[in-house]
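Those letters in the sequence shown? Residues 1 to 355, by full-length UniProt numbering.
Only one structure is covered here, and it is reproduced in the block below.
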Amino acid sequence: MVYDLELISVGKTYSDGTVAVSDFDLKVEKGEFVAFLGPSGCGKSTTLRMIAGFEDITNGEVMMMGRNVTHVPPEKRPTSMIFQNYALFPHMSVRENVAFGLDVKGTPKAERDRKVDRILDMFDLEPFADRKADKLSGGQRQRIALARGLVVEPEILLLDEPLGALDANLRRIIQNELKLLQRELGITFVFVTHAQSEALGLSDRVVVMSNGVVEQISPPRELYRRPATPFVADFIGSNTVFEGTPKGTAGSGFGQIDTPYGIMTGLGQGNETLAVVPAEAFRIVPMGTPNEILLHGTLAERQLVGAVGHLKIRLPGDRDIAVEVSADRPEVRTLTPGAPVTLGVDPASVTLIHA
Ligand code: ADP
1 MVYDLELISV
11 GKTYSDGTVA
21 VSDFDLKVEK
31 GEFVAFLGPS
41 GCGKSTTLRM
51 IAGFEDITNG
61 EVMMMGRNVT
71 HVPPEKRPTS
81 MIFQNYALFP
91 HMSVRENVAF
101 GLDVKGTPKA
111 ERDRKVDRIL
121 DMFDLEPFAD
131 RKADKLSGGQ
141 RQRIALARGL
151 VVEPEILLLD
161 EPLGALDANL
171 RRIIQNELKL
181 LQRELGITFV
191 FVTHAQSEAL
201 GLSDRVVVMS
211 NGVVEQISPP
221 RELYRRPATP
231 FVADFIGSNT
241 VFEGTPKGTA
251 GSGFGQIDTP
261 YGIMTGLGQG
271 NETLAVVPAE
281 AFRIVPMGTP
291 NEILLHGTLA
301 ERQLVGAVGH
311 LKIRLPGDRD
321 IAVEVSADRP
331 EVRTLTPGAP
341 VTLGVDPASV
351 TLIHA
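Following this line, the structure appears as structure tokens:
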């Protein structure tokens, strides 16, 4: 199988000794939308710049469409990059900004004008074509940046926090446009963001990074349902992590951990030491419900937000855990602070991981 993009054990150490990225492995198929997600400084932009060719690679190789491009300069790679601040030339017109990439490539004038006209039309930018880029709104500038990136017909579009400068409303609108555009064009998108909702809402797969290493590469739903590391369990969604000692297997892919709150059964090999329970996996159940992990506590806090009840349940030893239940259920509405609560968890929604 030939991938659009393949990173093979890619690493970057800056000249001052900062190890920004280590052993990054990734295979991206044609037309995939992949997001790099992680806290500031975890190495997302460095990785994107190495893919673009703006940053030298210390170790490893970058392949595009089966070709080794590790030492190929940016303008000879089948990529285009969109920057957070758009990097538009403020005193050039919209048309000149969009034409820039084609001019760099030495595209003949007639072909250049045809391509620029087509892309300006596609992004509804024609009415502003002759205006200076700095005389336009944030959303319009964002479109110019996209048009400029796409006019050179890249195989892979690289986007570095492209929505970071927009307000929340515009962000949502442009997120939708971006997703539609990507489907329509069928080109590969690699997108860098520190905003969880953006990564989870837009991409086919998310690469979660911390401290220069890849923690997990999974479709968004899988990150929620099956976090692979303690970092992901903490970073994505709202999970409770119970520590314990391994108790071996419980059959068919399930393992068990002995915790201060009882035996936890979950998906795993039985040699892990942590059990991860998503907040929405808890249910309020009558005492003695079978086939569930049972936890006993008291209601510490309750907040009803629309259809969701956000509860804080206090377990023995003053351990407070986050629980999300349907706000419509009568047992949720009638609970008063301090009331005893039995929580049930289906073991199938628990993931066992290594510390
Ligand atoms: P992110 O995009 O996830 O915020 P970066 O890739 O920008 O992270 O940075 C990763 C690490 O590399 C950080 O520790 C950052 O300080 C460091 N770094 C980034 N650029 C340079 C540089 N030019 N020289 C030295 N260190 C750098």
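A virtual CB, placed ideally from N, CA and C, is assigned to each residue, including glycine.
Closer than 8 Å: is that where the CB of residue 16 sits relative to any heavy atom of the ligand ADP?
yes
Does residue 336 come within less than 9 Å of chain D when only Cβ atoms are used?
Going by chain labels, chain D is absent from the structure shown, which holds only one protein chain.
Could you please give me the residues that DSSP links to residue 210 through a beta bridge?
213
Backbone CA spacing between residue 16 and residue 56 [nearest angstrom]
14 Å
At a cut-off of 8 Å, is residue 20 close to the ligand ADP when judged by its beta-carbon and the heavy atoms of the ligand?
yes
State the CB to CB distance for the pair residue 245 and residue 257, rounded to an integer number of angstroms; the pair is presumed to be in contact (CB under 8 Å).
7 Å
Please name the residue or residues paired with residue 80 in a DSSP beta bridge.
157
Following a CB-centred definition, is residue 162 positioned closer than 8 Å to any heavy atom of the ligand ADP?
Relative to the non-hydrogen atoms of the ligand ADP, the Cβ of residue 162 never comes closer than 8 Å to any of them.
Where does the unbroken beta strand (DSSP E) through residue 173 begin, and where does it stop?
That residue, residue 173, is in no beta strand (DSSP E); its alpha helix (DSSP H) goes 168–185.
Excluding sequence positions up to five away, which residues of its chain have a Cβ less than 7 Å from the Cβ of residue 302?
309, 311 and 335
Does residue 251 pass the burial test, meaning 16 or more other C-beta atoms within 10 Å, or should it be called exposed?
exposed
What is the residue span of the beta strand (DSSP E) that residue 10 lies within?
5–13
Check whether residue 361 and residue 100 have beta carbons under 9 Å apart
Coverage of the chain is limited to positions 1 through 355, which leaves residue 361 absent and any answer about it impossible.
N-terminal and C-terminal residue of the alpha helix (DSSP H) that residue 197 is part of:
196–202
At least three beta-carbon pairs within less than 8 Å, the stretch 272–281 to the stretch 222–230:
yes
Among 80, 91, 26 and 92, which one has its Cα closest to the Cα of residue 60?
26
Can you check DSSP and say which residues form a bridge with residue 258?
245 and 263
Considering Cα atoms alone, identify which of 164, 234, 111 and 49 is closest to residue 353.
234
Quick check on the burial criterion: 16 or more other C-beta atoms within 10 angstroms. Buried or exposed for residue 79?
Burial call: buried.
Simplified DSSP assignment, three categories, for residue 1
Looking at residue 1 - three-state DSSP - the assignment turns out to be coil, as it is neither helix nor strand.
Which of helix, strand or coil does DSSP assign to residue 191?
strand
Segment contact, 8 Å Cβ cut-off, at least three pairs: the stretch 84–100 with the stretch 144–153
yes
Residue interval of the alpha helix (DSSP H) (run including residue 234):
230–235
Between residue 178 and residue 52, is the Cβ-Cβ spacing less than 9 Å?
no
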